[in-house]
Amino acid sequence: MLRSPSAASGARNIALLALCQALAMTGNNILSTTAALVGYSLLVDKSWSTLPTALQMTGTMLAVIPASLLMGRFGRRNGFTIGAAIGATGAAVATSAIFSASFALFCLGTMLLGSYNGFVAYYRFAAADTTSPRLRSRAISLVLAGGVVAAVFGPEAAKWSRSLFDPVLFAGCYLVIFALCATSMLMIRFIDIPRALPAVAGSARSLASIMRQPAFYLAAPAGMIAYGVMSLVMTATPLAMLQCQLSFESAAFVIQWHALGMYAPSFVTGHLIGRFGVLRVMFCGVVLLCLCAAIALSGIDVMQFWAALMLLGIGWNFLYVGATTLLTEAYTPAERAKTQAANDFLIFATVAPASLSSGLLLHNFGWSGVVIVVLPFAAMILVLLRARQHQMRAGAVVASP
267 MLRSPSAASG
277 ARNIALLALC
287 QALAMTGNNI
297 LSTTAALVGY
307 SLLVDKSWST
317 LPTALQMTGT
327 MLAVIPASLL
337 MGRFGRRNGF
347 TIGAAIGATG
357 AAVATSAIFS
367 ASFALFCLGT
377 MLLGSYNGFV
387 AYYRFAAADT
397 TSPRLRSRAI
407 SLVLAGGVVA
417 AVFGPEAAKW
427 SRSLFDPVLF
437 AGCYLVIFAL
447 CATSMLMIRF
457 IDIPRALPAV
467 AGSARSLASI
477 MRQPAFYLAA
487 PAGMIAYGVM
497 SLVMTATPLA
507 MLQCQLSFES
517 AAFVIQWHAL
527 GMYAPSFVTG
537 HLIGRFGVLR
547 VMFCGVVLLC
557 LCAAIALSGI
567 DVMQFWAALM
577 LLGIGWNFLY
587 VGATTLLTEA
597 YTPAERAKTQ
607 AANDFLIFAT
617 VAPASLSSGL
627 LLHNFGWSGV
637 VIVVLPFAAM
647 ILVLLRARQH
657 QMRAGAVVAS
667 P
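All residue numbers for the sequence shown refer to the numbering used here, where the first residue is 267 and numbers rise by one.
Have a look at this one:
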């Protein structure tokens with residue numbers, strides 16, 4: 267279990283975690299805007315242009331379990347510091363790769379940046395761990411709301427730094443990411459998250475037992491699908507817009523509004539969950555994913571890309587915050603580290619192949635081939651939500667006198 271933090275300490279931690287989230291997501295938005303384009307410029311076979319993004323997600327997948335175990339042993343603050351150091355190293359490697367025109371070295375850099383994200387993924391859980399169960403959804407939302415800053419500054423920073431070392435395009439973008447990681451390392455040292463007390467022997471259930479709970483087997487698949495389809499479409503977007511003869515500035519604009527859609531709702535998502543229930547909010551997320559697909563299939567003008575990616579971001583937010591909130595109901599403090607690690611491993615094990623298949627789908631089937639994949643996965647989340655509703659109703663009937 268955790269030592270109980272004071273209200274002031276908890277508020278300060280949430281504010282600092284939100285700022286660190288903002289710095290990390292600003293770097294992610296720069297990478298999302300540029301990585302596929304860098305890959306495109308370095309490769310002869312353009313179908314593999316999204317491999318750097320896929321390896322970023324692979325790095326995240328491989329890091330989430332060690333990151334959780336590391337923080338369980340040495341504390342959140344030390345773990346987050348190590349993660350930021352890995353991110354700074356990855357940004358330095360990527361910058362060097364662009365100067366040397368090495369696709370393999372660039373892939374290594376993005377994979378290290380992905381490993382950093384494996385640590386960043388626990389910012390939301392760190393906030394939940396320091397608040398009461400009643401306020402967890404709001405704490406998670408407020409930390410994710412740090413991405414709003416990233417949405418505003420990430421694509422703008424990509425546009426500004428793209429030609430910083432002209433004629434070597436995009437090298438400046440990754441130098442900016444290095445500076446963001448270094449700043450995070452400093453800010454993390456001011457976070458004071460209580461260390462978990464040792465669990466009583468025999469008090470923690472097995473991971474298999476935890477994963478059989480209804481809350482887990484809705485939360486994990488919903489998070490996997492939401493993040494997977496979001497990454498699939500977002501990764502392909504800059505390349506698709508380039509193929510449609512739209513400018514880099516237009517692609518940065520669309521990614522900027524997509525990121526706003528991902529994080530701006532976080533100011534209210536926790537409140538909406540508290541008022542209407544987590545399942546209804548997640549259902550709204552599914553509807554928004556379907557609307558995203560419909561708009562994206564209707565045409566290839568800038569405003570259609572903009573509207574589709576904006577709705578994709580909001581749908582992801584409702585599903586991801588909802589799934590994270592549900593997951594906190596599935597474990598005790600003694601089970602926290604392994605449950606969070608298993609959940610995020612499953613999510614990023616889905617995101618990595620989604621990012622890779624994005625480029626392959628775009629190359630072979632075009633933009634519509636990428637977007638139409640959203641629909642069957644949205645239907646899968648809907649089936650899971652309906653099953654959970656039936657379980658809850660059946661439980662309520664059994665519990666009634």
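Cβ coordinates follow ideal geometry from the N, Cα and C atoms, glycine included.
Here the structure is a predicted model, which means the values were calculated and not measured.
Under 8 Å between C-beta atoms of residue i and residue j
{"i": "A603", "j": "M327", "result": "no"}
{"i": "L308", "j": "F372", "result": "yes"}
{"i": "M337", "j": "V617", "result": "no"}
{"i": "G276", "j": "T449", "result": "no"}
{"i": "A589", "j": "A653", "result": "no"}
{"i": "Y440", "j": "Q287", "result": "no"}
{"i": "F419", "j": "T292", "result": "yes"}
{"i": "L435", "j": "S427", "result": "no"}
{"i": "H537", "j": "L578", "result": "no"}
{"i": "A392", "j": "I331", "result": "no"}
{"i": "A350", "j": "Y382", "result": "yes"}
{"i": "L378", "j": "G325", "result": "yes"}
Straight-line Cα distance separating residue j from residue i
{"i": "F689", "j": "L285", "result": "Any property of residue 689 remains undetermined from this structure, which presents the chain solely from 267 to 667."}
{"i": "R278", "j": "A290", "result": "18 Å"}
{"i": "A671", "j": "A574", "result": "Look at the range of the chain in this structure, 267 to 667, and you will see that residue 671 is not part of it."}
{"i": "M453", "j": "V414", "result": "18 Å"}
{"i": "G384", "j": "F533", "result": "24 Å"}
{"i": "P318", "j": "L297", "result": "10 Å"}
{"i": "Q522", "j": "P531", "result": "14 Å"}
{"i": "G380", "j": "K312", "result": "22 Å"}
{"i": "A645", "j": "V552", "result": "8 Å"}
{"i": "V520", "j": "F571", "result": "7 Å"}
{"i": "G356", "j": "S362", "result": "10 Å"}
{"i": "Y529", "j": "A411", "result": "5 Å"}
{"i": "G375", "j": "E601", "result": "33 Å"}
{"i": "H629", "j": "Y493", "result": "22 Å"}
{"i": "N294", "j": "T598", "result": "31 Å"}
{"i": "R404", "j": "A596", "result": "18 Å"}
{"i": "L498", "j": "S621", "result": "5 Å"}
{"i": "G581", "j": "L554", "result": "5 Å"}
{"i": "G495", "j": "R471", "result": "At residue 495 the sequence reads Val, which differs from the Gly that was named. Straight-line Cα distance between these residues: approximately 32 Å."}
{"i": "G438", "j": "F431", "result": "6 Å"}
{"i": "R659", "j": "V649", "result": "16 Å"}
{"i": "Q655", "j": "L545", "result": "8 Å"}
{"i": "V568", "j": "T535", "result": "28 Å"}
{"i": "F542", "j": "V639", "result": "29 Å"}
{"i": "A502", "j": "G540", "result": "35 Å"}
{"i": "C447", "j": "F456", "result": "15 Å"}
{"i": "L282", "j": "P642", "result": "38 Å"}
{"i": "L612", "j": "G345", "result": "21 Å"}
{"i": "M237", "j": "W633", "result": "Outside the displayed range of the chain (267 to 667) lies residue 237, so it cannot be described from this structure."}
{"i": "V466", "j": "I348", "result": "Because V466 sits at a pLDDT of 48, beneath the cut-off of 50, its placement in the model cannot be relied upon, and the following sentence gives the value as read from the coordinates. Cα to Cα, V466 sits roughly 28 Å from I348."}
{"i": "A367", "j": "L593", "result": "43 Å"}
{"i": "V310", "j": "L408", "result": "43 Å"}
{"i": "G635", "j": "F549", "result": "24 Å"}
{"i": "V302", "j": "T316", "result": "A quick correction: the sequence has Ala, not Val, at residue 302. Cα to Cα, the separation comes out at about 5 Å."}
{"i": "M576", "j": "A481", "result": "28 Å"}
Burial state of residue i, where buried means 16 or more other Cβ atoms lie within 10 Å
{"i": "A394", "result": "buried"}
{"i": "G565", "result": "exposed"}
{"i": "R269", "result": "In this prediction, R269 has a pLDDT of 46, which is less than 50 and means its spatial position is unreliable; what the coordinates show is noted afterwards. By the 10 Å Cβ count, R269 comes out exposed."}
{"i": "Q606", "result": "buried"}
{"i": "D610", "result": "buried"}
{"i": "F369", "result": "buried"}
{"i": "S513", "result": "exposed"}
{"i": "A333", "result": "buried"}
{"i": "A320", "result": "buried"}
{"i": "A518", "result": "buried"}
{"i": "A474", "result": "exposed"}
{"i": "V386", "result": "buried"}
{"i": "P504", "result": "buried"}
{"i": "R339", "result": "exposed"}
{"i": "P399", "result": "exposed"}
{"i": "P421", "result": "buried"}
* Asked: What residue ranges within the stretch 417-447 form continuous beta strand (DSSP E) runs of no fewer than 3 residues, ordered along the chain?
  -> none
* Every unbroken alpha helix (DSSP H) within the stretch 520-603, with a cutoff of 4 residues, ordered by chain -> 532-542, 544-562 and 568-593
* To do: Within the stretch 347-388, note down every full alpha helix (DSSP H) run reaching 4 residues or more, in order along the chain.
  => 369-386
* **Complete alpha helix (DSSP H) runs within the stretch 287-336 (minimum length 4 residues, chain order)** => none
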